[in-house]
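S.K.: Residue numbers 22 to 808, in our numbering, belong to the letters of the sequence shown in order. We put the CB at the ideal spot given by N, CA and C, even for glycine. Quick caveat: nothing in here was measured; it's all calculated off a predicted structure.
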Amino acid sequence: MKNEHEHHEPVTPAVYTCPMHPEIRQDRPGQCPICGMNLVSAEAAAQHGHTGHQHHHHPASAPHQAETHVGHAPTSSSETAIRVPASGAGATIYTCPMHPEIRQDHPGNCPKCGMTLEPLLPELEEEDNPELVDFQQRFWWTLPLTVVVTVLAMLGHRLQWFEMTTQSWIELVLTLPVALWAGWPFFRRGLQSLLNRSPNMWTLIGLGTGAAFVYSVVATVVPEVFPASFRAMGRVAVYFEAAAVIISLTLLGQILELKARSQTSAAIKSLLGLAPKTARHIDEQGVESDILLSHVHVGDLLRVRPGEKVPVDGMVVEGRSAVDEAMLTGEPVPVVKSPGDKLIGATLNTNGALVMRSERVGSATMLAQIVQMVAQAQRSRAPMQRMADQVAGYFVVAVVGIAVLTLLAWGFFGPEPSWVYGLVNAVAVLIIACPCALGLATPMSIMVATGRGATSGVLFRDAAAIENLRKVDALIIDKTGTLTEGRPVFDRLIPTPGIDEAELLRLAASLDQGSEHPLAEAIVKAARERGLSLAKPEGFESGTGIGVRGIVEGRQLALGNTALMQQVGVDVGLLLPQAETLRAEGASVMYLAADGHLLGLLAVSDPVKASTPEALAALRAAGLRIVMATGDGLTTARAVGARLGIAEVHGEVKPADKLALVSRLQTEGRIVAMAGDGINDAPALAKADVGIAMGTGTDVAMNSAQVTLVKGDLRGISTARALSEATVANMKQNLMFAFVYNALGIPIAAGLLYPFTGWLLSPMIAALAMSLSSASVITNALRLRRG
């Protein structure tokens with residue numbers, strides 16, 4: 022039923038509606054009680070074509086969600102939320118991958134963690150990320166300066182190119198662009214973290230780098246304020262190279278991270294790319310013309326020619342053809358469509374012309390709903406916080422507190438010049454606490470682990486997948502293309518008494534030469550592999566969903582199911598028990614009759630991958646609960662499940678059903694992995710704690726998943742789990758190294774041992790300790806390569 026307000030009443034920004042269900046209308050923001058999507062202004066929805074389609078009826082009593090900001094998930098009082106103006110509700114909304122409750126109508130950085138905000142729903146064609154371009158320019162333009170400053174710091178005093186005081190000024194001039202231009206985004210994020218009272222890694226980077234730079238500037242400009250004990254080789258030691266190197270490495274890390282994060286929207290882009298751009302419209306006079314897909318309305322007549330994609334959801338009104346729906350349903354065998362049958366938008370018409378009547382367009386199509394489910398699942402899954410981030414806030418507060426106490430304690434109670442000693446020691450505390458090792462602890466392990474995984478045929482999309490995979494205790498597996506090969510092959514044939522097997526296959530293949538159906542291709546391929554000589558069929562006819570008929574060598578042949586045999590008056594009772602047995606094993610069965618007599622049956626099946634039984638045995642041994650969920654018929658699904666020892670089997674499931682199954686297991690407290698290869702698996706892959714895609718499947722499945730098995734071999738899951746456990750252990754070791762250096766170095770830098778030993782830790786030694794801690798982390802992470 023169309024929305025009665027769609028074209029006749031002006032819509033004000035005070036009315037909010039659901040993009041998926043426009044009949045839901047209320048005077049405040051919230052979430053749709055049907056699909057859970059965030060409501061947007063009705064004006065924006067109308068501008069984007071979200072109204073004017075048929076929808077399910079919503080009961081008036083449907084409960085509404087609690088009021089919240091436009092486009093927001095409900096937030097607690099302790100969470101930061103940015104209100105989007107009503108006038109901007111139709112614009113692109115940006116959100117934080119780590120904190121999905123942060124949403125705004127313009128690009129920026131998360132006020133909690135400093136991460137770059139991403140579009141909530143990316144467009145198919147996007148311009149280059151402006152922040153990535155900016156960081157690349159800052160990195161490459163200042164990298165030569167960083168290299169020169171580092172070389173001067175390491176070799177200048179040995180080669181004596183300049184007087185040491187002159188060298189300090191040269192280093193200052195070279196470091197100024199690095200610190201004030203290249204490092205400016207990091208200082209801004211560090212300041213933002215302080216203003217938002219949300220200390221994070223940027224706080225440490227800003228404080229540590231800023232302390233090294235400011236200290237060095239003071240030591241260069243007014244070296245006389247420092248005690249004589251801090252003079253070496255005619256100058257006060259400076260640490261411009263530490264500030265420059267930290268900034269350059271941080272820029273490089275951000276460039277790599279931004280490039281990796283840009284791939285998270287690839288799944289939605291792949292889905293959006295499935296839809297055709299135009300449709301062949303037939304007007305009331307029968308004149309045909311190509312129109313934009315956005316101009317198609319409910320009730321329009323459209324022509325779908327062979328090789329074209331179905332533009333929208335609808336019903337066939339004229340013509341017959343086989344339609345490949347694998348990209349949306351996962352069904353490997355094209356489905357024959359005739360008048361009255363339903364069509365799904367973005368599926369492929371293979372061999373015949375069709376005229377259809379559109380029934381769902383825009384956001385109401387199945388493709389659009391899958392896009393929304395993938396986007397919603399991606400954003401609803403809380404990204405796992407890295408272990409370093411979990412303690413960063415406390416660590417920053419502790420380090421800053423220690424530095425302040427060091428300054429005050431030395432200033433009031435230390436020997437003269439007490440405040441200079443206090444300043445130097447406070448700087449030493451900040452430098453040794455600089456988060457180089459802490460920042461490298463997890464990324465280095467992840468980088469090495471992903472490289473090792475790639476050589477083993479396992480691709481991880483992000484660190485969260487590596488960290489979560491070891492916790493998985495439930496695995497949902499798709500059948501077609503995951504447990505099985507995903508393409509029909511000839512299985513066997515059973516002739517009636519007195520009929521030769523080779524002759525049975527030759528006649529069936531000869532007739533099937535006129536068909537483009539995958540089952541026919543499997544039979545023809547089997548006959549040619551056996552070297553059989555095929556005859557040319559005459560009078561070929563294809564029956565809708567029942568089989569084919571034609572004349573071969575003067576004999577009237579019929580090849581198809583029981584319904585076709587009944588039409589031609591052939592009794593199949595003789596082979597019925599064998600046919601039922603084959604169907605119970607998951608095979609598709611076709612009977613062949615000639616001149617009204619049954620010759621035999623042929624079976625085509627989707628074989629189980631040779632590696633599947635071994636893979637499932639290993640996963641069961643690891644304690645995983647195995648669940649099969651497939652769009653195939655329940656009889657076939659149970660047959661495959663029984664063969665593989667899978668007790669829990671769900672058949673005839675749709676994409677939304679798989680998504681619901683993942684949610685149900687998660688509600689039970691399970692850590693769920695989903696393994697699949699089709700577009701119909703994409704929402705469940707995105708919703709699962711760990712999505713696992715077959716490399717032999719669709720791009721959308723791989724882009725929705727966090728793990729891809731390149732060879733499509735389920736044994737890769739066991740390999741990935743073992744690597745996950747080793748990597749997490751390695752990350753914990755790295756964090757221990759980072760904190761041990763800080764635990765030992767910070768007290769010495771603060772001067773706690775001075776009253777007893779006279780020891781002080783100059784910033785130079787602090788920088789050396791910082792470098793050693795980073796080297797320890799990198800060396801330990803590289804051990805993962807040896808496995």
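#1: Do you know how far the Cα of SER269 is from the Cα of ASN801?
#2: Round the Cβ separation of ASN446 and ALA771 to the nearest angstrom and send it over; I've been treating them as touching at under 8 Å.
#3: Among residues of its own chain, excluding the 5 on either side of VAL610, which ones have a beta-carbon nearer than 7 Å to its beta-carbon?
#4: What is the rounded straight-line gap between the Cα of ALA631 and the Cα of ILE114?
#5: Near LEU774, which residues of its chain fall below 6 Å by C-beta distance, leaving aside the five closest residues on each side in sequence?
#6: Tell me the DSSP bridge mates of ALA301?
#7: Give the single residue among VAL172, LEU388, MET387, PRO355 whose Cα lies nearest to the Cα of GLY373.
#8: Runs of 3 residues minimum, wholly inside the segment 706-758: which ones carry the beta strand (DSSP E) assignment?
#9: Does VAL382 pass the burial test, meaning 16 or more other C-beta atoms within 10 Å, or should it be called exposed?
#10: Among HIS316, GLY294, MET649, which residue has its Cα nearest to the Cα of ARG301?
#11: Just to confirm, is the Cβ distance from SER536 to LYS557 under 9 Å?
#12: Among THR38, ILE799, LEU756, which one has its Cα closest to the Cα of PHE416?
#13: When you measure from the CB of GLY502 to every non-hydrogen atom of the ligand SAH, does any distance come out below 8 Å?
#14: Short check: CB of ALA174 to CB of GLU192, under 9 Å?
#15: Pop quiz: MET695 and ILE667 are said to be a contact at Cβ under 8 Å. What is the actual Cβ separation, rounded to whole angstroms?
#16: If we call anything under 9 Å between Cβ atoms a contact, is PRO628 one with THR503?
#17: Within this structure, are the beta carbons of VAL469 and ARG806 separated by less than 9 Å?
#18: Report buried or exposed for PRO151, applying the criterion of at least 16 other Cβ atoms within 10 angstroms of its Cβ.
#19: Select from ASP321, LEU273, GLY697 the residue whose C-alpha is nearest the C-alpha of VAL308.
#20: Looking only at C-alpha atoms, which of TRP162, PRO509, MET752 sits nearest to LEU273?
#21: To which residues of the same chain is VAL425 closer than 8 Å at the C-beta, ignoring the five residues directly before and after it?
#22: Classify GLY92: buried if its beta carbon has 16 or more other beta carbons within 10 angstroms, exposed otherwise.
#23: Mind checking whether ARG736 and ALA642 have CB atoms under 9 Å apart?
#24: Whole angstroms is fine: what's the gap from ASN864's alpha carbon to ARG804's?
#25: Provide the residue(s) that pair with ALA265 in DSSP beta bridges, ordered along the chain.
#26: Return yes when the Cβ of TRP205 is within less than 9 Å of the Cβ of THR241, no when it is not.
#27: Could you check which residue in LEU375, VAL683, GLN213 has the C-alpha nearest to that of ILE692?
#28: Let me know if THR688 comes out buried or exposed under the rule of 16 or more other beta-carbons within 10 Å of its beta-carbon.
#29: In angstroms with no decimal places, state the Cα-to-Cα distance between THR38 and GLU139.
#30: Looking only at DSSP bridge pairs, what is SER609 linked to?
#31: Look up ARG570 in the DSSP assignment and say whether it is helix, strand or coil.
#32: When the distance is taken between beta carbons, is PRO332 closer than 9 Å to ALA296?
#33: When the Cα atoms are used, what is the spatial distance from VAL239 to ILE423?
#34: Where does the unbroken beta strand (DSSP E) through LEU578 begin, and where does it stop?
#35: Starting from the Cα of ARG551, find the closest Cα among GLY568, SER563, PHE561, LEU525 and give me that residue.
#36: Hey, quick one: how far does the alpha helix (DSSP H) through ALA486 stretch, first residue to last?
M.R.: Once the coordinates are examined:
#1: As a position in the sequence shown, residue 801 is number 780, starting the count at 1. As a position in the sequence shown, residue 269 is number 248, starting the count at 1. Those two C-alpha atoms are separated by around 23 Å.
#2: Here residue 446 corresponds to residue number 425 of the sequence shown, with the count starting at 1. Here residue 771 corresponds to residue number 750 of the sequence shown, with the count starting at 1. The C-beta distance from ASN446 to ALA771 rounds to 6 Å, short enough to meet the 8 Å contact threshold.
#3: The residue given as residue 610 occupies position 589 in the sequence shown. Within the same chain, Cβ atoms closer than 7 Å to the Cβ of VAL610 are found at ALA600, LEU603, ARG604, LEU622, ALA624, the five residues on either side in sequence being excluded.
#4: On the sequence shown, residue 631 is found 610 positions in, with the first residue counted as 1. On the sequence shown, residue 114 is found 93 positions in, with the first residue counted as 1. Spanning the two alpha carbons is a distance of roughly 46 Å.
#5: Walking along the sequence shown from the start, residue 774 turns up at place 753. Apart from sequence neighbours up to five positions away, the residues of its chain that approach LEU774 with a beta-carbon distance below 6 Å are TRP780, ordered along the chain.
#6: Numbered from its first residue, the sequence shown carries residue 301 at position 280. The sequence as given places Arg at residue 301; Ala does not occur at that position. Answer is ASP311, ARG324.
#7: The residue given as residue 373 occupies position 352 in the sequence shown. Here the closest residue by C-alpha is PRO355.
#8: Here the runs fully enclosed are 711-715, 728-730.
#9: To locate residue 382, count along the sequence shown from 1; it is residue 361. Its Cβ being crowded by 16 or more others within 10 Å, VAL382 is buried.
#10: Position 280 of the sequence shown, counted from the start, is the residue given in the question as residue 301. Per the Cα distances, HIS316.
#11: For this step, residue 536 is matched to residue 515 along the sequence shown. For this step, residue 557 is matched to residue 536 along the sequence shown. Not a contact, by the Cβ cut-off of 9 Å.
#12: To locate residue 416, count along the sequence shown from 1; it is residue 395. Minimum Cα distance to PHE416 is reached at LEU756.
#13: As presented, the structure is devoid of all ligands, the ligand SAH included, so that no description of it is given.
#14: Position 153 of the sequence shown, counted from the start, is the residue given in the question as residue 174. Position 171 of the sequence shown, counted from the start, is the residue given in the question as residue 192. Yes, Cβ-Cβ distance for ALA174 and GLU192 is below 9 Å.
#15: By 1-based counting over the sequence shown, the position of residue 695 is 674. By 1-based counting over the sequence shown, the position of residue 667 is 646. At roughly 15 Å, the Cβ-Cβ gap does not stay under 8 Å, so MET695 and ILE667 are not in contact.
#16: For this step, residue 628 is matched to residue 607 along the sequence shown. For this step, residue 503 is matched to residue 482 along the sequence shown. Against a cut-off of 9 Å, the Cβ pair of THR503 and PRO628 comes out as no contact.
#17: The residue given as residue 469 occupies position 448 in the sequence shown. The residue given as residue 806 occupies position 785 in the sequence shown. Yes, these two residues count as a Cβ contact at 9 Å.
#18: By one-based count along the sequence shown, residue 151 stands at place 130. By the 10 Å Cβ count, PRO151 comes out exposed.
#19: Against the sequence shown, residue 308 aligns to sequence position 287. Looking from the CA of VAL308, the closest CA among ASP321, LEU273, GLY697 belongs to ASP321.
#20: Within the sequence shown, the letter at position 252 stands for residue 273. Out of TRP162, PRO509, MET752, TRP162 has the C-alpha closest to the C-alpha of LEU273.
#21: Locating residue 425 in the sequence shown gives position 404, where the first residue counts as 1. If you ignore the 5 residues before and after VAL425, its C-beta comes within less than 8 Å of the C-beta of ALA447, all in its own chain and listed in chain order.
#22: Counting from 1 along the sequence shown, the entry for residue 92 is found at position 71. With a pLDDT of 31 at GLY92, under the threshold of 50, the modelled position of that residue is not reliable, and the figure given next carries that caveat. It is buried - the Cβ of GLY92 has at least 16 other Cβ atoms within 10 Å.
#23: The residue labelled residue 736 in the question sits at position 715 within the sequence shown. The residue labelled residue 642 in the question sits at position 621 within the sequence shown. No, the Cβ-Cβ distance between ARG736 and ALA642 is not below 9 Å.
#24: This structure does not reach residue 864, given that the chain is present from 22 up to 808, and the question cannot be answered.
#25: Locating residue 265 in the sequence shown gives position 244, where the first residue counts as 1. Looking at the DSSP assignment, ALA265 forms no beta bridge with any residue, so it has no partner.
#26: Looking up residue 241 in the sequence shown gives position 220. Looking up residue 205 in the sequence shown gives position 184. 9 Å or more divides the Cβ of THR241 from the Cβ of TRP205.
#27: Working through the sequence shown from its first residue, we reach residue 692 at position 671. When only C-alpha atoms are compared, the closest one is VAL683.
#28: For the purposes of this step, residue 688 is taken as residue 667 along the sequence shown, with counting starting at 1. Exposed, because fewer than 16 other Cβ atoms sit within 10 Å of the Cβ of THR688.
#29: For the purposes of this step, residue 38 is taken as residue 17 along the sequence shown, with counting starting at 1. For the purposes of this step, residue 139 is taken as residue 118 along the sequence shown, with counting starting at 1. Straight-line Cα distance between these residues: approximately 24 Å.
#30: For the purposes of this step, residue 609 is identified with residue 588 of the sequence shown, where counting begins at 1. Answer is VAL625, bridged to SER609.
#31: Taking the first residue of the sequence shown as 1, we reach residue 570 at position 549. Strand.
#32: Start at 1 with the first residue of the sequence shown, and residue 296 comes out as number 275. Start at 1 with the first residue of the sequence shown, and residue 332 comes out as number 311. Taking 9 Å as the cut-off, the beta carbon of ALA296 is found closer than this to the beta carbon of PRO332.
#33: In the sequence shown, counting from the first residue as 1, residue 239 sits at position 218. In the sequence shown, counting from the first residue as 1, residue 423 sits at position 402. The straight-line gap from Cα to Cα measures roughly 22 Å.
#34: Taking the sequence shown and counting its residues from 1, one reaches residue 578 at position 557. LEU578: member of the beta strand (DSSP E) spanning 576-581, first to last residue.
#35: For the purposes of this step, residue 551 is taken as the residue at position 530 of the sequence shown. Nearest neighbour of ARG551 by Cα position, chosen from GLY568, SER563, PHE561, LEU525, turns out to be LEU525.
#36: Here residue 486 refers to the residue found at position 465 when the sequence shown is read from its first residue. Per DSSP, ALA486 belongs to the alpha helix (DSSP H) from 484-490.
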